[in-house]
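Undergrad: Below is the structure I would like to discuss, written out as structure tokens.
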Amino acid sequence: MWRDAALVAGKDLRVEARSRVAINQVVPFALLVLVVFAFALDSDRDTLTRVGPGLFWVTVLFSGLLAIQRSFVIEASDDARDALRLSGLDGAGIFLGKALAVAVQLVALEAVLTVGVVVLYNVRLHDPLLLVLTALATTVGLAAAGTVYGIIAAGLRVRDTLLPLLVLPVLAPALLASARACEAALTGAPGDGWPWVRLLFVFATIYVTFGVVAFGPLLEEA
Amino acid sequence: MTTPPVRVGTPTTRILGWLTAVSLALTAVMALVVSPPDVNMQDSVRLLYLHVPTAWLAMYVSFGVTTLASVLYLWKRTRSRFWDLTAGASAEIGVLFLGLTLLIGSIWGRITWGVWWTWDARLTTTAVLFVLYLGYLAVRKVPATPEVAARRSAIVAVAAFLDVPIVHQSVEWWRTLHQDATILDERRLLDPQIHGSMAWTLLLGVVAFTLLYCWLLAHRFQLAALEDRFADRQLQVAIDERRAEAVTS
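Chain order of the listed sequences is D and A. If you want the numbering used here, it's the position in the first sequence, counting the first as 1, plus 11. Just so you know, the numbering used here puts 99 at position 102 of the second sequence, and the rest follows in order with no gaps.
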């Protein structure tokens, strides 16, 4: 299973590295969203600093949707999904591989966006441990849940509109938890943040487990 | 050849229908005439005789049945079309009544709190739940062969159900860690602080709406089963036509 996961993740990341869609389109889109939020709210720095964590995670969520859609678009061309089905790879392995590839891209994106909010929103970072654990748990949860719903929507004519409808409500608690945890870290009250991080880990565990169990059957009929 | 019209009602559903109608009428009389206005909420309390039963019907009964039926569908030993149709029918009723719950709730909120919406933990959970099941219904509508659609929908239903406790926990903390306690806790309505005709009206409302659910479910299920048969027959007709073409040409 793990070997299969590594193979699939390697393949997806190689495709991304060569096509440069993530770096040329998704990252600029994410930065653009940060700028758009500044337009929508106020150039008043206090407002942006205060709502920074929330905006950061909303941006990650929207860009993450693009990454998840990409992850299944690359399987759609040339009947790659059929090849994946026939490859004899373990369903759970394919799930873990695809989720891992999405997670790696999200981590890179979060790194860029962190610089973005520090520079554009004047956010000062505190409690790196809490921030890193929050980001880690959220990324794993987002990638896992996104991959589960990605395969459900993949191959359907309505996938571009169906995926956000399915994923956003499911990810709502993760968004809430990560925004609150980061807010707690940044406002210097890390004690408030730890329950949220625990919730995020529970969320990630549930959806990783669910994906490992359900991905095989879902792939077969996608 | 004309086929006789299919009757969707059976004696059982007809009795159920009458019981539902009578109990709903009784609830209306109790809620509008018999029960007194509340000390604080005045007449707006009467909205709650609708609000609480619709919430109960949608969140606990409908989505509970959808989840159970989906699990039974996914479990190989009990897999049958019956559970898939039940899950879909129940979710449709659930979404309808959850929409009504939100609507009635916000009308009541406007009167009592002065706002249509407040980010109270329960309201937020309910709103997320509503969107989750809208997504489930959207997945059901996506065209596919019946088996594929059924399995896909069942998995989405289970995934949605898994999310409910997390959503609930997160919004609960969100409100308690960062905001004052809510203006009015709905739970107060359900604990035995309320007495007499108000409690009876509420209880009657819950019974009436549960009956209504059973009646709607029976009919919605039957309709879905008929649609299924219709699709099968259309397919058969199409196949026969192609065969006839092959013979004549």
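Note that CB positions come from ideal geometry on N, CA and C, so glycine has one too. Please read all numbers here as calculations on a predicted model, not as lab measurements.
1) For L129 (chain A), would you say it is in contact with chain D, using Cβ-to-Cβ distances shorter than 9 Å as the test?
2) Thinking A20 (chain D) and L111 (chain D) are a contact (beta carbons under 8 Å), I'd like their distance in whole angstroms, please.
3) I need the straight-line Cα distance from P228 (chain D) to V68 (chain A), nearest angstrom please.
4) Using CA atoms only, rank isn't needed, just tell me which of A:L201, A:W212 and A:V139 is closest to L45 (chain A).
5) Answer with yes or no whether the minimum CB distance from D160 (chain A) to chain D is below 9 Å.
6) Going by DSSP, which residues form a beta bridge with Q36 (chain D)?
7) Taking 8 Å as the cut-off, is the CB of T58 (chain D) close to at least one heavy atom of the ligand MN?
8) How many Å lie between Y218 (chain D) and I108 (chain A) at the Cα?
9) Could you tell me the distance, in whole angstroms, from the CA atom of A146 (chain D) to the CA atom of L95 (chain A)?
10) Count the CB pairs spanning the segment 211 to 225 of chain D and the segment 148 to 165 of chain A that are closer than 8 Å, and state whether there are at least three.
11) Label L29 (chain A) either buried or exposed according to how many other C-beta atoms from any shown protein chain fall within 10 Å of its C-beta, with 16 as the threshold for buried.
12) Give the DSSP-derived three-state secondary structure of D138 (chain D) in the structure shown.
13) Does any C-beta atom of chain A lie closer than 9 Å to the C-beta of R61 (chain D)?
14) Decide if S32 (chain A) is buried, meaning its Cβ has at least 16 other Cβ atoms within 10 Å, or exposed.
15) Classify I236 (chain A) as buried or exposed, calling it buried when 16 or more other Cβ atoms lie within 10 Å of its own Cβ.
16) Reducing DSSP to helix, strand and coil, say where D35 (chain A) ends up.
17) Use the C-beta contact count for L220 (chain A): other C-beta atoms within 10 angstroms, 16 or more gives buried, fewer gives exposed.
18) Measuring alpha carbon to alpha carbon, tell me which of D:L107, D:V113, D:L66 and D:R61 ends up nearest V26 (chain D).
19) I need the boundaries of the alpha helix (DSSP H) containing P201 (chain D), first residue and last residue.
20) P50 (chain A) to G102 (chain A), Cα distance in whole Å?
21) Taking Cβ-Cβ distances shorter than 9 Å, what residues in chain A pair up with I217 (chain D)?
22) How about the segment 166 to 179 of chain D and the segment 191 to 202 of chain D: do they share at least three Cβ pairs that are nearer than 8 Å?
23) Return the residue from the list A:A118, A:V136 and A:T17 that minimises the CA-CA distance to V161 (chain A).
24) What number of angstroms, rounded off, separates the C-alpha of Y132 (chain D) from the C-alpha of L59 (chain D)?
25) Can you confirm whether I163 (chain D), when its beta carbon is compared against all beta carbons of chain A, has any partner nearer than 9 Å?
26) Can you find a C-beta in chain D that's less than 9 Å from the C-beta of G132 (chain A)?
27) Answer yes or no: do A156 (chain A) and V181 (chain D) have a C-beta to C-beta separation smaller than 9 Å?
28) Quick one: grab the DSSP three-state call for L107 (chain D).
29) When the Cα atoms are used, what is the spatial distance from L142 (chain D) to T125 (chain D)?
30) Mapping the DSSP letters down to three states, classify A17 (chain D) as helix, strand or coil.
31) Skipping 5 residues on each side, what residues in its chain have a beta carbon closer than 6 Å to that of W207 (chain D)?
32) In angstroms with no decimal places, state the Cα-to-Cα distance between V159 (chain D) and K138 (chain A).
33) Is there at least one Cβ from chain A nearer than 9 Å to Y160 (chain D)'s Cβ?
34) For the pair the segment 198 to 212 of chain D and the segment 66 to 83 of chain D, tell me if three or more CB-CB distances fall below 8 Å.
35) Once DSSP output is grouped into helix, strand and coil, what is the label at W257 (chain A)?
36) Relative to the C-alpha of G65 (chain D), which candidate in D:G152, D:A49, D:V32 and D:R170 has its C-alpha closest?
TA: From the atom records:
1) Looking up residue 129 (chain A) in the second sequence gives position 132. With 9 Å as the cut-off, L129 (chain A) counts as an interface residue toward chain D.
2) Here residue 20 (chain D) refers to the residue found at position 9 of the first sequence. Here residue 111 (chain D) refers to the residue found at position 100 of the first sequence. Right, their Cβ atoms sit about 4 Å apart.
3) Position 217 of the first sequence holds residue 228 (chain D). Position 71 of the second sequence holds residue 68 (chain A). So the alpha carbons of these two residues sit roughly 15 Å apart.
4) Within the second sequence, numbered from 1, the residue matching residue 45 (chain A) stands at position 48. Measuring from the Cα of L45 (chain A), the nearest candidate turns out to be A:L201.
5) Counting from one through the second sequence, the residue named residue 160 (chain A) turns up at place 163. It does; some Cβ of chain D falls within 9 Å.
6) Residue numbering aside, residue 36 (chain D) sits at position 25 when the first sequence is read from its first letter. Answer by DSSP bridge pairing: none, since Q36 (chain D) is not bridged.
7) Of ligands this structure carries none, so the ligand MN is not represented either.
8) On the first sequence, position 207 is the one that residue 218 (chain D) refers to. On the second sequence, position 111 is the one that residue 108 (chain A) refers to. About 41 Å.
9) In the first sequence, the residue the question calls residue 146 (chain D) occupies position 135. In the second sequence, the residue the question calls residue 95 (chain A) occupies position 98. Their Cα atoms are separated by approximately 34 Å.
10) Contact between the segment 211 to 225 of chain D and the segment 148 to 165 of chain A is present, with at least three C-beta pairs closer than 8 Å.
11) Within the second sequence, residue 29 (chain A) is the residue found at index 32, counting from 1. That one is exposed.
12) Locating residue 138 (chain D) in the first sequence gives position 127, counting from the first residue. If DSSP states are grouped into helix, strand and coil, D138 (chain D) belongs with coil.
13) Mapped onto the first sequence, residue 61 (chain D) falls at position 50. With 9 Å as the cut-off, R61 (chain D) does not count as an interface residue toward chain A.
14) Position 35 of the second sequence, counting from 1, holds the residue named residue 32 (chain A). Buried, since its Cβ has 16 or more Cβ neighbours within 10 Å.
15) The sequence position of residue 236 (chain A) within the second sequence is 239, counting from 1. With fewer than 16 other Cβ atoms within 10 Å, it is exposed.
16) Looking up residue 35 (chain A) in the second sequence gives position 38. D35 (chain A): strand per DSSP, three-state reduction.
17) The sequence position of residue 220 (chain A) within the second sequence is 223, counting from 1. In the assembly as shown, L220 (chain A) is an exposed residue. Its beta-carbon has fewer than 16 other beta-carbons within 10 Å.
18) The count along the first sequence starts at 1 and reaches residue 26 (chain D) at position 15. Comparing Cα-Cα distances from V26 (chain D) to each of D:L107, D:V113, D:L66 and D:R61, the minimum goes to D:V113.
19) Against the first sequence, residue 201 (chain D) aligns to sequence position 190. Per DSSP, the unbroken alpha helix (DSSP H) holding P201 (chain D) starts and ends at P201 to E232.
20) Within the second sequence, residue 50 (chain A) is the residue found at index 53, counting from 1. Within the second sequence, residue 102 (chain A) is the residue found at index 105, counting from 1. Roughly 12 Å between the two C-alpha positions.
21) Within the first sequence, numbered from 1, the residue matching residue 217 (chain D) stands at position 206. The contacting residues are L159, D160 and I163.
22) Look at the beta carbons and you see the segment 166 to 179 of chain D not touching the segment 191 to 202 of chain D: under three pairs across the two are nearer than 8 Å.
23) Locating residue 161 (chain A) in the second sequence gives position 164, counting from the first residue. Sorting A:A118, A:V136 and A:T17 by C-alpha distance to the C-alpha of V161 (chain A) places A:A118 at the top.
24) The sequence position of residue 132 (chain D) within the first sequence is 121, counting from 1. The sequence position of residue 59 (chain D) within the first sequence is 48, counting from 1. One C-alpha to the other measures close to 5 Å.
25) Mapped onto the first sequence, residue 163 (chain D) falls at position 152. With 9 Å as the cut-off, I163 (chain D) counts as an interface residue toward chain A.
26) Indexing the second sequence from 1 puts residue 132 (chain A) at position 135. Yes, G132 (chain A) lies at the interface with chain D (some Cβ there is under 9 Å from its Cβ).
27) Sequence index remark: in the second sequence, residue 156 (chain A) carries index 159 (1-based). Sequence index remark: in the first sequence, residue 181 (chain D) carries index 170 (1-based). Between A156 (chain A) and V181 (chain D), the C-beta gap is smaller than 9 Å, which places the two residues in contact.
28) Here residue 107 (chain D) refers to the residue found at position 96 when the first sequence is read from its first residue. In the three-state reduction of the DSSP assignment, L107 (chain D) falls in the helix class.
29) Along the first sequence, one-based indexing puts residue 142 (chain D) at 131. Along the first sequence, one-based indexing puts residue 125 (chain D) at 114. In a straight line, the C-alpha of L142 (chain D) is about 11 Å away from that of T125 (chain D).
30) In the first sequence, residue 17 (chain D) corresponds to position 6, counting from 1. Helix.
31) Taking the first sequence and counting its residues from 1, the one referred to as residue 207 (chain D) is at position 196. Within the same chain, and ignoring the five residues on either side of W207 (chain D) in sequence, the residues whose Cβ sits closer than 6 Å to its Cβ are A188, R191 and A192.
32) Taking the first residue of the first sequence as 1, we reach residue 159 (chain D) at position 148. Taking the first residue of the second sequence as 1, we reach residue 138 (chain A) at position 141. Spanning the two alpha carbons is a distance of roughly 19 Å.
33) Counting from 1 along the first sequence, the entry for residue 160 (chain D) is found at position 149. Cβ-Cβ to chain A under 9 Å: yes for Y160 (chain D).
34) Contact between the segment 198 to 212 of chain D and the segment 66 to 83 of chain D is absent, with fewer than three C-beta pairs closer than 8 Å.
35) Residue 257 (chain A) is absent from the model: chain A starts at -2 and stops at 246.
36) Your numbering for residue 65 (chain D) matches position 54 in the first sequence. Nearest option by C-alpha distance: D:A49.
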